[in-house]
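Numbered according to my numbering, the sequence shown spans residues 3 to 104.
Every residue gets a Cβ at the ideal spot worked out from N, C-alpha and C, and that includes glycine.
Everything numeric in this text was worked out from a predicted model, so none of it was measured.
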Amino acid sequence: MTVEVVLALALGTFGIRFAGPLLRERLHLSERVRTLMGMAATALLLALVAVNALVPHGGFGGWALAAGVTVGGVAAWRKLPFVVTVLLAAGVTAGFRLLGVA
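Okay, here's the thing in structure tokens:
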């Protein structure tokens with residue numbers, strides 16, 4: 003049973019990857035649709051990050067975590083170096099927790 007499921011998923015994945023280059027030449031999208039698809043991908047990624055970062059283990063992670071994620075997001079948006087971004091986010095989270103904000 004497991005082998006069949008893995009093979010089916012592998013074939014499906016291969017089919018999707020193979021269809022991309024084939025359909026790229028046949029399917030013409032307007033510039034507006036391309037822009038909207040890019041924005042939709044960004045929104046989906048941000049929603050995934052927000053849910054995983056702010057609601058770990060099925061419950062609200064607390065205001066300290068929310069502040070750290072926000073600062074990290076702003077630092078990444080401003081294109082600060084990765085190490086600086088991580089240290090800022092961790093520092094804000096630790097600082098809030100040190101002050102007693104859960």
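- Ranked by Cα distance from A52, the options G40, R36, G70 are led by G70.
- A Cβ-Cβ separation of about 7 Å places L90 in contact with G74 under the 8 Å criterion.
- Rounded to whole angstroms, the separation of the alpha carbons of L24 and G61 is 44 Å.
- Taking all protein chains in view, the Cβ of L67 is crowded by 16 or more other Cβ atoms within 10 Å, so the residue is classified as buried.
- In terms of Cβ geometry, A104 and G64 form a close pair [threshold 8 Å].
- Around the beta-carbon of A45, fewer than 16 other beta-carbon atoms lie within 10 Å, marking it exposed.
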